């Protein structure tokens, strides 16, 4: 799914959160959304997903107005994973939670095909062994993966993820990003993910949007836009670079005193 965002603005009372943000994501691309805390990343994701209504601007999906699209149709196209899945713990088990993601796909009852899709997704996420465990019995990282699986169960054309690796250990961070990259390459699912790990953005992203104060500060291939000046301007961090397999990765310079 091609996504086009043009001059998107969002205000909370008198405070400007997003200021004329414009992006274009080709179908099947992996875009990392980067920036310091408070830059407007989560607000942008929520405007695209329909949780928030922008003050002005346009959002198009394959040329169709996403803002004017019926909610059920939008839900079929988009899979959304929030930042804080801890608050979503309920009495449901893992299978029931992932199955709930299928409710947006049709108006009737869930059927056998829905259950088969849910189990396929659980296996893809290495969650098959937890299918009948309660959400409140899982670790934060396991729960995070369940909610990614719930979004994937819709078989969406685009995935919107707010810090999808924030509660995961190193192994599951890599497995999750590998899976998202595989979705983008093999199934042409467009990925827009908020990441705090700049090296992960370099390793997995086809594109990156660097936000500062609600505006696009830089946009392009991650390795090209994450230079020493940009990292200092946005994060106030002095960075060095190390080259590995023809790619420059970021190495923070530790503070050594005066």
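Residue numbers (our numbering): 113 to 370.
C-beta atoms are modelled at their ideal positions from N, C-alpha and C, and glycine is treated no differently.
Small disclaimer: the values here were computed from a predicted structure and weren't measured.
To which residues does DSSP link residue 123 through a beta bridge? 128
Does residue 275 pass the burial test, meaning 16 or more other C-beta atoms within 10 Å, or should it be called exposed? buried
Decide if residue 354 is buried, meaning its Cβ has at least 16 other Cβ atoms within 10 Å, or exposed. exposed
Residue from 350, 310, 357 whose Cα sits closest to the Cα of residue 365: 350
In terms of DSSP beta bridges, what is residue 324 paired with? 327
Same chain, Cβ closer than 8 Å to residue 278, five either side skipped, listed in chain order: 195, 256, 308
Residues bridged to residue 117 (per DSSP): 135, 171
Taking just the CA atoms, how far does residue 317 sit from residue 199? Annotation note: pLDDT 49 at residue 199 (below 50); position unreliable, coordinate value reported separately. Cα to Cα, residue 199 sits roughly 29 Å from residue 317.
Looking only at its own chain, which residues have a Cβ that is under 7 Å from the Cβ of residue 310, when we skip the five neighbours before and after it? 146, 338, 362
What first and last residue would you give for the beta strand (DSSP E) that runs through residue 222? Counting along the chain, residue 222 falls outside any beta strand (DSSP E), and DSSP gives it neither H nor E.
To the nearest whole angstrom, what separates the beta carbons of residue 323 and residue 151, a pair I think is in contact under 8 Å? 4 Å
Beta bridge counterpart(s) of residue 363 as assigned by DSSP: 352
Would the beta-carbon of residue 171 fall within 8 Å of that of residue 272? no
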